[in-house]
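Taking it in order: structure first as structure tokens, then the write-up.
There are 2 protein chains.
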Amino acid sequence: MFIKVDPSNDVPIFRQIVQQIKTAVAMGRLEPEDPLPSVRQLAVELAVNPNTVARAYLDLEIEGVIYKRQGAGTFVSGRGVEMSKNERRRVLRELLEKALVEGLNLGMEEKELRETFERVLEKMMQARTPETVGR
Amino acid sequence: MFIKVDPSNDVPIFRQIVQQIKTAVAMGRLEPEDPLPSVRQLAVELAVNPNTVARAYLDLEIEGVIYKRQGAGTFVSGRGVEMSKNERRRVLRELLEKALVEGLNLGMEEKELRETFERVLEKMMQARTPETVGR
DNA sequence: GGCACTGTATTAGTTGACTAATACAGTTGG
DNA sequence: CCAACTGTATTAGTCAACTAATACAGTGCC
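Taken in order, these protein sequences are the chains called G and X. Each residue of the first sequence is one higher than the one before, counting from 1 in this note's numbering. Each residue of the second sequence is one higher than the one before, counting from 1001 in this note's numbering.
Quick look at the structure:
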């Protein structure tokens, strides 16, 4: 598995797991219906308690990124978190605002902000393989 | 003062203060050398302990947004957090990535991401009054 | 000097986040 | 049906974050 955690990092283990799986899904490295490692399996691999992994999976389920079937396993959701278009934009806007406030306070110019955004977006879209796009 | 906190919100009070002051500085509502309300004054206004405000001011000082003079008060820093261009970009990139991962997982298209970004950036640049730009 | 304001330091209590141990419950395939 | 796998629930311990009470220390102005 591609997941790595750093216990000495101050961001909690379960959040590190959440973040990495979210990224993998966003980038298309994980596709809908793909199985995730079992709670125990991943727990052993990362040398943490199964409940810690379960906690990560729970958060991901609540956010609609994955779904679980008791006794069967955990899988990536089909795309489409149920959330209104407005709601989604609100969430995104908040995150972008936070990023831009940071950038401005660091003394960046409008141009530099735009360029950085373009570069990041470009990289992410390229990473999504053609098949994963347009779901 | 323009600051408002919500104690029932799960994001800690001192962080709410930090975020709002950062935003105010980024938007130009607070300019370099502007005095901030005293620790006690703001504490009374928000009905919190002075130490809570002091904690917020400490964080802001560490980040270089404000500076303090013992006995005199707290003021907005002159622009320019000492940080290399590369370092600044790294920070910004991380925040933008997080935002975009979220957007993609919510099912947004490249176009929608770009549009939202443009809208947010536009709004923020407009809010900065002409005099505050280009410092 | 003294009063009234600044920020600072110390200490301490409460709460919740985080992780873990361990036992429970559903699914699947032989 | 049973063995071996899934996720789940309960309980509990540890630790750090957060806030507060209160006393200390520097500055400035009369």
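Just so you know, even glycine gets a beta-carbon here, dropped at the ideal spot from N, CA and C.
Check this for me: beta carbons of valine 1005 of chain X and leucine 1046 of chain X, under 7 Å apart or not? yes
Give the list of continuous beta strand (DSSP E) stretches no shorter than 3 residues that lie fully inside the segment 12 to 76 of chain G. 66 to 69, 73 to 76
Same chain, Cβ closer than 6 Å to glycine 1057 of chain X, neighbours up to 5 away in sequence not counted: The displayed chain sequence assigns tyrosine, not glycine, to residue 1057 of chain X. Cβ within range, chain order: Thr1074.
Return the residue from the list G:Glu33, G:Asn51, G:Tyr67, G:Glu115 that minimises the CA-CA distance to glutamine 41 of chain G. G:Asn51
Enclosing alpha helix (DSSP H) for methionine 124 of chain G [first to last residue]: 110 to 127
Within 7 Å (strictly less), CB to CB, does threonine 116 of chain G reach chain X? yes
Return yes when the Cβ of leucine 1092 of chain X is within less than 7 Å of the Cβ of proline 107 of chain G, no when it is not. Sequence check: residue 107 of chain G is glycine here, not proline. In this structure, leucine 1092 of chain X does not lie closer than 7 Å to glycine 107 of chain G by Cβ.
Does arginine 1090 of chain X get closer than 7 Å to chain G when you measure Cβ to Cβ? No, arginine 1090 of chain X does not count as interfacial toward chain G.
If the cut-off is 7 Å on Cβ atoms, which residues from the segment 20 to 47 of chain G count as contacting chain X, listed in chain order? Lys22, Thr23, Val25, Ala26
Put glutamate 954 of chain X into one of helix, strand or coil per three-state DSSP. Past the boundaries of the shown model lies residue 954 of chain X; chain X is included only from 1001 to 1135, so the question cannot be answered.
In this structure, does DSSP put glycine 103 of chain G in helix, strand or coil? helix
Shorter than 7 Å from the beta carbon of arginine 1093 of chain X to some beta carbon of chain G? yes
Is alanine 127 of chain G close to chain X, meaning its C-beta is less than 7 Å from at least one C-beta of that chain? no
Which word fits asparagine 105 of chain G, buried or exposed, when buried means at least 16 other C-beta atoms lie within 10 angstroms of its C-beta? buried
Quick check on the burial criterion: 16 or more other C-beta atoms within 10 angstroms. Buried or exposed for phenylalanine 1117 of chain X? buried
Look at the Cβ atom of glycine 78 of chain G, then the Cβ atom of proline 35 of chain G, and state whether they are nearer than 7 Å. no
Rounded to the nearest angstrom, what separates glutamine 70 of chain G and isoleucine 62 of chain G at their Cα positions? So the alpha carbons of these two residues sit roughly 16 Å apart.
Residues of chain G with CB under 7 Å from lysine 1098 of chain X, in chain order? Leu95
For arginine 1135 of chain X, the three-state DSSP class (helix, strand or coil): Note on arginine 1135 of chain X: pLDDT 42, under 50, position unreliable in the model; the coordinate value appears next. Of the three classes helix, strand and coil, the one that applies to arginine 1135 of chain X here is coil, per DSSP.
Close Cβ partners of arginine 55 of chain G (< 8 Å) along its chain, the five nearest in sequence each way excluded: Phe14
Can you check whether the C-beta of glycine 103 of chain G is within less than 7 Å of a C-beta belonging to chain X? yes
Here's a check: name, in chain order, each residue in its chain whose Cβ is nearer than 8 Å to the Cβ of phenylalanine 1002 of chain X, leaving out the five neighbours to either side. Gln1020, Ala1024, Arg1029
Cα-Cα, which of X:Glu1115, X:Gln1126, X:Gly1064 is closest to arginine 90 of chain G? X:Glu1115
Restricting to Cα atoms, I'd like to know which of X:Ala1072, X:Ser1008, X:Met1124, X:Glu1112 is closest to valine 1048 of chain X. X:Ser1008
Nonlocal neighbours in the same chain, by C-beta distance under 8 Å from methionine 124 of chain G, ignoring five residues either side: Ala26, Met27
Residues that glutamate 1121 of chain X contacts on chain G, provided the C-beta gap is smaller than 9 Å: According to the sequence displayed, residue 1121 of chain X carries leucine and not glutamate. Simply Leu96, Leu100, Glu110, Leu113, Arg114, Phe117.
Thinking C-alpha only, which one of G:Tyr67, G:Lys22, G:Glu82, G:Ile17 is nearest glycine 43 of chain G? Note on residue identity: the sequence assigns alanine, not glycine, to residue 43 of chain G. Nearest C-alpha to alanine 43 of chain G: G:Ile17.
Would you decide whether arginine 1119 of chain X is buried or exposed? Buried here means 16 or more other CB atoms lie within 10 Å of its CB. exposed
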